[in-house]
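Note that the protein sequences, when read in sequence, are chains A and B.
If you use this note's numbering, the first sequence closes out at 217, no skipped numbers anywhere.
If you use this note's numbering, the second sequence closes out at 1350, no skipped numbers anywhere.
Built from N, CA and C at the ideal position, the CB exists for glycine as well.
Below is one structure, written out as structure tokens; comments come after it.
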Amino acid sequence: MTLRLLMALMMVSMATPIAVLSQVRERSASGTLLFTRLDRRLVPISGTPTNESFTGVALGLDGSVPIWIFELDVRYLNGNLGSSNPDLDLNLVEAELFLGLRPLPWVVLKAGPHARAFETVRSTERWLFWEIRARAEAGLLAPRLGTYLELWGALVGDVNFGRSFGSGRGAEAGITYQFGSTPLWVRAGYRVDRGSVSGGSIFDSVQQVLIGVGFGR
Amino acid sequence: MFLAGAALGLSVTPQTAPAQAPQELVEQAVRAYGDLALDDAAWLLRRALNMTVPPATFGDADRARALMFLGATEVLRSNADSAGAAFRRLVFLQPRYQPDQLIFPPDVTMIFETVRQQTKTVGVQVPRETDLRLGQDRFSAWIVASSPHELRAEITYDDGRLARTLYTGPIGDSLRLLWDGRDANGRPVESGRFLMNLVSRDASGQMIRLTRLPLDLDVRLRDTMPHPEPPADSLMLPESWDGKPSLESLLGGLTIGAAVLLLPSAVAPEANITGGRLAVAGAVSIAGIVGFVTRRPGQPIRENVLANDVLRQAWRDSIEVMAQQNSQLRADVRMRIRAGNAVRIEGVGQ
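Have a look at this one:
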């Protein structure tokens, strides 16, 4: 499934004419406040599965830069997540780097790495996802009010805590509003991202409600 | 026989070279006048005056001098009528001519002055070619009178119709006439031949003499610019919605709203789904519904209306600017006036 998706992405990239150059957006940058919830489900080989939940607020920065016919998207966020047991509090760090292509004015296809780390006082748990993403944008009250939906899946990945990477997938949807003819815009969205190790013994699900302010088009 | 004839000829007329210039004849006549060889002087002067030569060779000043000496010669020869005729010709030629009191005796100058007072005429001095801009420059003519009298100055078309009366009243020594290139109604005249008529009149208003100066006018109008075309339809944005965008808004909003609600369950079924997504799903759905309502068919698209208004206003502004420029171009009328040679027509008065 993921192989076919990758091949489709490559074919679209190769078939996309130079005309898409005109569809590359201008550079943009934004700062985002992310109300984050991490749900971790541990399924032991024998015994009862346990669930841990962490909540907190993270601060994210992201930007997009046009490079020839591509869009280079970067994202970074950092925040503390707490739980009912203060000893288990952790620091969430995420970074993404994606190269995107816009075959249609309202569609962006991206591919790139997505790294996530959960830092505790005792250890750091790292996840690395190589993902492909598809993002669709539409105007609700064009041209100011728009909406978007982004879906992604990890083709391969890696973890650093002695298990094999299992799977990764996620989605984000939201709404954007541009202030008149200014380059200033705001965004509200919801994002859910899940990673699991091989065998299904650990599931980390990160949900985020995000509110951001951006500059650019 | 031949010699006898030649000798007889020499005794009757002064000896002249076959191709002698009129100025040389005048100089010979002046010497003859000084020697009181009055017959010779009169003959030489008449011969010089009757020669047809270019003005550059024998100009008005030379001709006036010859006429003055001819009149003086005839006075001394007691030919009053011939003297009067010569002086009248001189007055017509140069109305303001003043004989040299050191050369001519008082009785000659007195007779000349009497003839001048009796000969009511004007001379006109104009540049051969005048370029003027309507409303800024004027055609100027300097009128000099032989003696005070009544004058009527007018511009007529070539067919005699009156175009503009420039002056009616007495003229003493001289008068400057100005013409702005317009007719009696204030309209610029068109290209063509016009006549400047200077009518010298007696006290009863009868025309004594008409001095007519032909004027050839070349009126040049500036080309005006065409008004700009209205904005092309292809540049105008639709000012009201049709049905498609409203459905797109509704479906888009509801689809994304539903996705926000349902995707967490599909992506992360084991997670405890937060309520925060409800706010996002609600906001997207409501925006879609609002878009559906506000983008109903026939509803105005405010941004497009404003954008089109800007285009239309820019077009109207450009028309206004062009109209002002055209108004300036139309007002910028240029004329070239070429003056011909004045002719004199005798009237019935005096």
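Quick one: what's got a C-beta closer than 6 Å to residue 1168 of chain B's C-beta in the same chain, skipping five residues either side?
Around residue 1168 of chain B: 1152.
Tell me, please, whether the CB atom of residue 53 of chain A is closer than 8 Å to any CB atom in chain B?
Yes - at least one Cβ of chain B is within 8 Å of the one on residue 53 of chain A.
Out of A:148, A:103, A:89, A:110, which has the shortest C-alpha to C-alpha gap to residue 120 of chain A?
The shortest Cα separation from residue 120 of chain A among A:148, A:103, A:89, A:110 belongs to A:89.
Could you tell me which uninterrupted alpha helix (DSSP H) segments, each at least 4 residues in length, are contained entirely in the segment 1073-1148 of chain B, listed from first to last along the chain?
Listed in chain order, the complete alpha helix (DSSP H) runs (minimum 4 residues) inside the segment 1073-1148 of chain B are 1080-1093, 1106-1118.
Rounded to whole angstroms, what's the CA-CA distance from residue 1190 of chain B to residue 1316 of chain B? Just pull it up for me.
Going by the C-alpha atoms only, they are around 33 Å apart.
Restricting to Cα atoms, I'd like to know which of B:1245, B:1340, B:1122, B:1139 is closest to residue 1297 of chain B.
Looking at the Cα atoms, B:1245 is the closest of the given residues.
Mind reading off the beta-carbon distance from residue 190 of chain A to residue 1267 of chain B? Whole number of angstroms is fine, and I expect it under 8 Å.
At roughly 11 Å, the Cβ-Cβ gap does not stay under 8 Å, so residue 190 of chain A and residue 1267 of chain B are not in contact.
I need the straight-line Cα distance from residue 1282 of chain B to residue 126 of chain A, nearest angstrom please.
The straight-line gap from Cα to Cα measures roughly 34 Å.
Starting from the beta carbon of residue 205 of chain A, find every residue of chain B whose beta carbon is closer than 7 Å, and list them in chain order.
Here the neighbours are 1268, 1270, 1271.
Taking Cβ positions only, does residue 45 of chain A come closer than 8 Å to chain B?
It does not: the Cβ of residue 45 of chain A has no partner Cβ on chain B nearer than 8 Å.
What's the call for residue 1119 of chain B, buried or exposed, on a 16-neighbour Cβ count within 10 Å?
Buried is the call here.
Would you call residue 1238 of chain B buried or exposed, if buried means 16 or more other Cβ atoms sit within 10 Å of its Cβ?
Residue 1238 of chain B is exposed by the Cβ-count criterion.
Excluding sequence positions up to five away, which residues of its chain have a Cβ less than 7 Å from the Cβ of residue 161 of chain A?
Result list for residue 161 of chain A: 125, in chain order.
Near residue 1112 of chain B, which residues of its chain fall below 6 Å by C-beta distance, leaving aside the five closest residues on each side in sequence?
The answer, listed in chain order, is 1087, 1099.
Chain A beta carbons: is any one of them nearer than 8 Å to that of residue 1310 of chain B?
It does not: the Cβ of residue 1310 of chain B has no partner Cβ on chain A nearer than 8 Å.
Do residue 92 of chain A and residue 38 of chain A have their C-beta atoms closer together than 8 Å?
For residue 92 of chain A and residue 38 of chain A, yes; Cβs fall inside 8 Å.
Starting from the C-beta of residue 156 of chain A, find all residues in its chain whose C-beta is less than 6 Å away, skip the five residues before and the five after it, and write them out in chain order.
Closer than 6 Å at the Cβ level, and outside the excluded window around residue 156 of chain A, lie 130.
In whole angstroms, what is the alpha-carbon distance linking residue 101 of chain A and residue 29 of chain A?
Rounded to whole angstroms, residue 101 of chain A to residue 29 of chain A spans 18 Å at the Cα level.
Tell me whether residue 1114 of chain B is buried or exposed, calling it buried when 16 or more other Cβ atoms sit within 10 Å of its Cβ.
Residue 1114 of chain B comes out exposed.
Mark residue 1313 of chain B as exposed unless 16 or more other C-beta atoms lie within 10 angstroms of its C-beta, in which case mark it buried.
Result: exposed.
What's the call for residue 1149 of chain B, buried or exposed, on a 16-neighbour Cβ count within 10 Å?
Residue 1149 of chain B comes out buried.
Where does the unbroken alpha helix (DSSP H) through residue 175 of chain A begin, and where does it stop?
It is not in any alpha helix (DSSP H) - residue 175 of chain A instead sits in the beta strand (DSSP E) that spans 165-178.
Is the separation between the beta-carbon of residue 1241 of chain B and that of residue 1330 of chain B shorter than 8 Å?
No, Cβ-Cβ distance for residue 1241 of chain B and residue 1330 of chain B is not below 8 Å.
Leaving out five residues before and five after residue 95 of chain A in sequence, what residues of the same chain have Cβ atoms less than 6 Å from its Cβ?
Result list for residue 95 of chain A: 76, 115, in chain order.
Would the segment 1102-1111 of chain B count as touching the segment 1074-1090 of chain B if we require 3 or more Cβ pairs under 8 Å?
With the cut-off at 8 Å, the segment 1102-1111 of chain B and the segment 1074-1090 of chain B touch.
Return the first residue and the last residue of the beta strand (DSSP E) that residue 210 of chain A is part of.
Start and end: 202-216.
Any beta carbon of chain A sitting closer than 8 Å to that of residue 1293 of chain B?
So, not an interface residue.
Could you list the residues in the segment 66-78 of chain A with a C-beta less than 7 Å from some C-beta on chain B, going in chain order?
Residues: none.
What do you get for residue 51 of chain A, buried or exposed, if any count of 16 or more other CB atoms within 10 angstroms of its CB means buried?
By the neighbour-count rule (16 or more Cβ atoms within 10 Å), residue 51 of chain A is not buried but exposed.
Check for me: the alpha helix (DSSP H) holding residue 113 of chain A runs from which residue to which?
Residue 113 of chain A -> not in any alpha helix (DSSP H); beta strand (DSSP E) instead, spanning 107-119.
Can you name, in chain order, every residue of its own chain whose Cβ lies under 6 Å from the Cβ of residue 139 of chain A, other than the five neighbours on each side?
Once the five neighbours on either side are set aside, the close Cβ partners of residue 139 of chain A are 146.
From residue 1259 of chain B to residue 1284 of chain B, what distance separates their C-alpha atoms?
If I take the Cα positions, the gap works out to 10 Å.
Determine the chain A residues that contact residue 1253 of chain B at a beta-carbon separation under 7 Å, and present them in chain order.
Correct list: 140, 147.
For residue 73 of chain A, is the classification buried or exposed, using 16 other Cβ atoms within 10 angstroms of its Cβ as the cut-off for buried?
Answer is buried; the Cβ neighbour count reaches 16.
What residue range does the beta strand (DSSP E) around residue 136 of chain A cover?
Where residue 136 of chain A is concerned, the enclosing beta strand (DSSP E) stretches over 124-141.
Going by the CB atoms, is the gap between residue 99 of chain A and residue 79 of chain A shorter than 8 Å?
The answer is no: Cβ separation not under 8 Å.
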